[in-house]
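Residues are numbered in the numbering used here as their position in the sequence shown, beginning at 1, plus a constant of 8. Each remark here refers to the structure printed beneath this line.
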Amino acid sequence: MRRALQEAQIAFDKDEIPVGALVVQDNKIIGRGHNQTELLHDVTAHAEIIALTAAFNHLGAKYLPDATLYVTLEPCHMCAGALYWSKIGRIVYGASDEKHGYRKFYGNQSPFHPKTVVESGLLATAGAELMKSFFQRKRTAK
């Protein structure tokens, strides 16, 4: 998760919403990403999507049942759908996202593949603080 936080810091430094993600399999990073919606003018350029695409390309496969996604913020509804279709084995996220996280839409039901294990709260404070700093900076810049 510390490497995912480094990705989030890259996004922060590029004036993107600071979310970072890594896909890990067999203790190797096979995909990484940070939000790039501003740079790419693409609302789908979330950290999770970019990391998933890199992992698919790395493996030459469209499913990730033996991989883990580490992401600094609870995945949104869109990313939850992509994660479902990826059949990823495990998702570990840091901070919760009460406004845009998948739990707002799904509640206690899991939107992920039935075999996907989900864990939350890993280094949540660090991810949340980065997010708060980002939006505080945005408000004071206006």
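Note that beta-carbon positions come from the ideal geometry of N, C-alpha and C, so glycine has one too.
Straight-line CA distance for residue i to residue j?
{"i": "L154", "j": "K36", "result": "Here the chain covers residues 9 to 150 and nothing more, so residue 154 does not appear."}
{"i": "L138", "j": "A69", "result": "33 angstroms"}
{"i": "E82", "j": "S104", "result": "5 angstroms"}
{"i": "I38", "j": "K107", "result": "30 angstroms"}
{"i": "A19", "j": "Q117", "result": "30 angstroms"}
{"i": "S94", "j": "G28", "result": "18 angstroms"}
{"i": "L48", "j": "H42", "result": "12 angstroms"}
{"i": "A16", "j": "P26", "result": "4 angstroms"}
{"i": "A90", "j": "L130", "result": "22 angstroms"}
{"i": "A134", "j": "L67", "result": "31 angstroms"}
{"i": "T61", "j": "Q144", "result": "31 angstroms"}
{"i": "H121", "j": "R11", "result": "25 angstroms"}
{"i": "K112", "j": "P119", "result": "11 angstroms"}
{"i": "Y71", "j": "A88", "result": "14 angstroms"}
By a C-beta neighbour count over all protein chains shown, 10 Å radius and 16 as the cutoff for buried, is residue i buried or exposed?
{"i": "G109", "result": "buried"}
{"i": "V51", "result": "exposed"}
{"i": "Y114", "result": "exposed"}
{"i": "A149", "result": "exposed"}
So, under 8 angstroms CB-CB, residue i and residue j are touching, yes? Tell me the CB distance rounded to an integer number of Å.
{"i": "A53", "j": "L77", "result": "Incorrect: roughly 16 angstroms between the Cβ atoms, too far for contact."}
{"i": "A75", "j": "V126", "result": "At roughly 14 angstroms, the Cβ-Cβ gap does not stay under 8 angstroms, so A75 and V126 are not in contact."}
{"i": "T80", "j": "G97", "result": "The Cβ separation is near 19 angstroms, so there is no contact."}
{"i": "E56", "j": "E24", "result": "No, E56 and E24 are not in contact; Cβ-Cβ is about 14 angstroms, not under 8 angstroms."}
> Considering only residues of the segment 76–111, which uninterrupted alpha helix (DSSP H) runs meet the minimum length of 4 residues and lie entirely inside it, listed in chain order?
Replying inline: 85–94
> Which runs of the alpha helix (DSSP H), 4 residues or longer, sit entirely within the segment 45–76?
Replying inline: 45–48, 55–67
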